[in-house]
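The block underneath contains the structure these notes are about, expressed in structure tokens.
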Amino acid sequence: TPLVKQNYRFLHKDSEDSRGIDVALLYRENFFSPIDVNYYKVLSQKDSTFRTRDILYTKGVISTDTLHVFVNHWPSRWQGTIKTQAYRNIAAKVLREAVDSIIDVTPDAKVIIMGDFNDEPDDASLSRILQAKTDLDSVIDNNLCNLSGIAMSDQEMGTYKYKGLWVTIDQFIVSAKLLNIENSWYTGKDDVNIFCPEFLLENEKDVPGKKPFRTYIGYRYAEGFSDHLPICLTLHKEADN
Numbered sequence: 006t007p008l009v010k011q012n013y014r015f016l017h018k019d020s021e022d023s024r025g026i027d028v029a030l031l032y033r034e035n036f037f038s039p040i041d042v043n044y045y046k047v048l049s050q051k052d053s054t055f056r057t058r059d060i061l062y063t064k065g066v067i068s069t070d071t072l073h074v075f076v077n078h079w080p081s082r083w084q085g086t087i088k089t090q091a092y093r094n095i096a097a098k099v100l101r102e103a104v105d106s107i108i109d110v111t112p113d114a115k116v117i118i119m120g121d122f123n124d125e126p127d128d129a130s131l132s133r134i135l136q137a138k139t140d141l142d143s144v145i146d147n148n149l150c151n152l153s154g155i156a157m158s159d160q161e162m163g164t165y166k167y168k169g170l171w172v173t174i175d176q177f178i179v180s181a182k183l184l185n186i187e188n189s190w191y192t193g194k195d196d197v198n199i200f201c202p203e204f205l206l207e208n209e210k211d212v213p214g215k216k217p218f219r220t221y222i223g224y225r226y227a228e229g230f231s232d233h234l235p236i237c238l239t240l241h242k243e244a245d246n
């Protein structure tokens, strides 16, 4: 395919997830060069049988700068939001400790956190444990900023539809340093969006509106793309000013 010429590479490792679902990072090696990779396990001390996806971390070079990237797919709500909340809280704690280990050494680190968190921006796992702010005025020093939580707060559409309601569980979160337009690379609340062309959507059957055109319904192949909509983040280089 034409993509062969675009120098795509990927980072991936099989996790212990019970359904065989893993996280991965697809990148173009002429734009981003990984120099360190780690996979953080999310384990429960109270439930030794619990298995979920790892959190993928990579440090890489973009242009002449260093970028820290975390890719997430936190435990699902399939058995109930309240029943599974503790597992997402564990993932948030693991991620927060990993971010702190970077910022403690490099306070001006540029960090991008992305993925399916199975929680919304105001849920405790993201707002309290990960401490990802959804108010730009409160993002100072080494804080994390949930750009998706800010950008999507006044939108009717989300990234996933559950029982006829849109929710934003796929998000971009960045370190405070990436919000400074005087840095070599920067981004902002207007640089996050949901990619939702018509071909990724289908009509709802029982209620008005549309929903993501999913690949499978149970074990039946539905010929669609995903039950989630993709999200995009634009990074600006200082020279763009």
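Numbering-wise (the working numbering), the sequence shown opens with residue 6 and increments by one. Here a beta-carbon is modelled for each residue, glycine too, at the ideal position from N, C-alpha and C.
With distances taken between CA atoms, N94 lies nearest to D124 out of G25, K138, T111, D124.
Of the other Cβ atoms in all chains shown, fewer than 16 fall within 10 Å of the Cβ of Q84; this residue is therefore exposed. When DSSP reads this structure, E207 sits in a beta bridge with K216. Assigned with DSSP and collapsed to three states, R101 falls in helix.
Looking at F37, D142, Q160, the one whose alpha-carbon comes closest to that of T69 is F37.
Assignment of beta-bridge partners to D70 by DSSP yields I67.
Under the DSSP assignment, I155 falls in the alpha helix (DSSP H) whose first and last residues are 152–156. Distance from the CA of A227 to the CA of L205, rounded to the nearest whole angstrom, comes to 12 Å. Approximately 18 Å separates the beta-carbon atoms of I134 and F177; this is outside 8 Å, ruling out the contact.
Between the beta-carbon of Y165 and that of H233 there is about 5 Å, and that keeps the pair under the 8 Å contact cut.
The beta-carbon separation of K115 and L72, rounded to 5 Å, stays under the 8 Å limit for a contact. In this structure, Q50 sits away from R33, with a CB-CB distance that is not shorter than 7 Å. For the 7 Å CB-CB criterion, T220 and G229 form a contact.
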